[in-house]
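Residue numbers (our numbering): 47 to 181.
Note that the Cβ used here is the ideal one computed from N, Cα and C, for glycine as well.
Contents: one structure, followed by commentary.
This is the structure in structure tokens:
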């Protein structure tokens, strides 16, 4: 879990571009943090990820868009500072672009998404994570 005092605010998430994964932390109704390592891509200071539409993180984001994000290992161990962010669930063409962006950078996601979307008929959505406004 992230110590809230050590979370930083930045004007752009370009600092996260070099990592293989980011640790996205969403919050339950009771305030409990739930961290998930995700493959990502950074464009114009915005982090894009893809996930299943019926996942817990999407349900939590629809209720509360506040997140924290940090570079991490594939197993979810943070490797850098943690930043405040605001996540948006993308739909339509914008969502498809986010999914394609992550599939290009992380090619292993392509067959996983194919399996989930075509064979299991699950919906994949894109998420855009922007830096929280500077206070």
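Whether residue i touches residue j by CB criterion (8 angstroms)
i: residue 129; j: residue 119; result: no
i: residue 83; j: residue 69; result: yes
i: residue 175; j: residue 87; result: no
i: residue 117; j: residue 65; result: yes
i: residue 169; j: residue 145; result: no
i: residue 132; j: residue 112; result: yes
i: residue 91; j: residue 141; result: no
Cβ neighbour criterion (16 or more within 10 Å) applied to residue i
i: residue 177; result: buried
i: residue 81; result: buried
i: residue 55; result: exposed
i: residue 71; result: buried
i: residue 97; result: buried
i: residue 180; result: exposed
i: residue 50; result: In this prediction, residue 50 has a pLDDT of 49, which is less than 50 and means its spatial position is unreliable; nothing more can be read from the coordinates.
i: residue 95; result: buried
Identified DSSP bridge partners for residue i
i: residue 81; result: 71
i: residue 130; result: 114
i: residue 96; result: 172
i: residue 87; result: 94
i: residue 177; result: 131
i: residue 120; result: For residue 120, which the question treats as bridged, DSSP gives no partner whatsoever.
i: residue 136; result: 172
i: residue 150; result: In DSSP, residue 150 forms no bridge with anything.
Closest Cα partner of residue i within the set the options
i: residue 104; options: 150, 84, 135; result: 135
i: residue 67; options: 121, 168, 150; result: 121
i: residue 73; options: 89, 90, 107; result: 107
i: residue 75; options: 151, 125, 110, 145; result: 110
i: residue 59; options: 157, 123, 77, 127; result: 127
i: residue 79; options: 102, 57, 89, 143; result: 102
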